[in-house]
Ligand SMILES: Nc1nc2c(ncn2[C@@H]2O[C@H](COP(=O)(O)OP(=O)(O)O)[C@@H](O)[C@H]2O)c(=O)[nH]1
Ligand SMILES: [Mg+2]
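Numbering (my numbering), first residue to last: 637 to 877.
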């Protein structure tokens, strides 16, 4: 069972001053509206209604936080989340690129998102959700270029791969990797940018994305520590002399 299945709604934020005081690693999901961000989050967390898959894109201009670790999967939704036990946060950023938002809203978006992704220390990595048929729109590039100077990883998820033929998928993946590899810093060093194909419909890439997010959030180290603890506390597992 994936640790991401523990995800629970934690809080929603409309101003940077209201960001949660938690210090656990955050993994933020960004993407153009309609790219499939909510659908991907829901499938990765195995919960249909976790992130709101909206029929009216562009409506949600706030940042939603989902906690991992503060509650067990089987717990009732209404049971309180144990804040001390939260190990990571999944962060659903407002979708962008919605044609009908006004200039003011765009500016507000730019500040909220730009400030959060550039300045939030506990932000560990960015997951950039893009439609595999038209990745790297201007605003996707904007996100990438805002975040690159932090030196933190970006993992790109190319959604709706079911809409592409096998050949088209291979090409899309290769082109996306080439695009990411074309970014280098002043010393000519590449950035920690990765990419994969994904389809919620055909369930492609779910394991790959899950493993990546768990690694980026440091939850795999948690797992290793828990396992070591179990072996330590288990006499049968003690090394033989
Ligand atoms: N064919 C296909 N459609 C998808 C997939 N993921 C999402 N969609 C559709 O794309 C639209 C936008 O999805 P949504 O998750 O709300 O996008 P968001 O605006 O980025 O959160 C919806 O109609 C989804 O049903 C997928 O893997 N395959
Ligand atoms: Mg959405």
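The C-beta atom is built at its ideal place from N, Cα and C for all residues, glycine as well.
Since the structure is predicted, the reported quantities are computational estimates derived from the model, not experimental observations.
Quiz item: So is residue 657 buried or exposed if we call it buried at 16+ other beta carbons inside 10 Å?
Solution: Counted from its first residue, the chain shown places residue 657 at position 21. The residue in question, residue 657, is exposed, as its Cβ has fewer than 16 Cβ neighbours within 10 Å.
Quiz prompt | Reference residue 674; option with closest CA among 714, 729 and 706 | solution = Taking the first residue of the chain shown as position 1, residue 674 is located at position 38. When only C-alpha atoms are compared, the closest one is 729.
Quiz item: Out of curiosity, what's the CA-to-CA distance linking residue 712 and residue 649?
Solution: In the chain shown, residue 712 corresponds to position 76, counting from 1. In the chain shown, residue 649 corresponds to position 13, counting from 1. Going by the C-alpha atoms only, they are around 24 angstroms apart.
Quiz item: So residue 779 is in the alpha helix (DSSP H); what residue range does that whole segment cover?
Solution: Taking the chain shown and counting its residues from 1, the one referred to as residue 779 is at position 143. Note, residue 779: alpha helix (DSSP H), 774 to 783.
Quiz item: Hey, out of 722, 654, 721 and 676, whose CA is closest to residue 699's CA?
Solution: On the chain shown, position 63 is the one that residue 699 refers to. Ranking the options by Cα distance to residue 699, first place goes to 654.
Quiz item: From 732, 671, 742 and 849, pick the residue whose C-alpha is nearest to that of residue 763; which is it?
Solution: For the purposes of this step, residue 763 is identified with residue 127 of the chain shown, where counting begins at 1. Taking the Cα of residue 763 as reference, the smallest distance to any Cα among 732, 671, 742 and 849 is reached at 849.
Quiz item: Relative to the alpha-carbon of residue 843, which residue among 793, 821 and 815 has its alpha-carbon at the smallest distance?
Solution: The count along the chain shown starts at 1 and reaches residue 843 at position 207. Of the listed residues, the one whose Cα sits closest to residue 843 is 793.
Exercise. Using a threshold of 9 angstroms, state whether the C-beta atoms of residue 661 and residue 816 are closer than that.
Key: Here residue 661 corresponds to residue number 25 of the chain shown, with the count starting at 1. Here residue 816 corresponds to residue number 180 of the chain shown, with the count starting at 1. No, the pair does not count as a contact, with Cβ atoms beyond the cut-off.
Practice problem: Buried or exposed for residue 802, please, with buried defined as at least 16 other CB atoms from any protein chain shown within 10 angstroms of its CB. | Solution: What you label residue 802 is simply residue 166 of the chain shown in a count that begins at 1. By the neighbour-count rule (16 or more Cβ atoms within 10 Å), residue 802 is not buried but exposed.
Quiz item: Does the segment 745 to 755 touch the segment 714 to 723, meaning 3 or more C-beta pairs lie closer than 8 angstroms?
Solution: Not touching, per the Cβ criterion.
Quiz item: Just checking my contact of residue 709 with residue 637 at CB under 8 angstroms: how many whole Å lie between their CB atoms?
Solution: Start at 1 with the first residue of the chain shown, and residue 709 comes out as number 73. Start at 1 with the first residue of the chain shown, and residue 637 comes out as number 1. Contact annotation, residue 709 with residue 637: C-beta distance approximately 7 angstroms; criterion of less than 8 angstroms satisfied.
Exercise. Please report the residue range of the alpha helix (DSSP H) in which residue 857 lies.
Key: Residue mapping note: residue 857 aligns to position 221 of the chain shown, counting from 1. Unbroken alpha helix (DSSP H) run through residue 857: 855 to 868.
Quiz prompt | Where the beta strand (DSSP E) containing residue 617 begins and where it ends | solution = Residue 617 is absent from the model: the chain starts at 637 and stops at 877.
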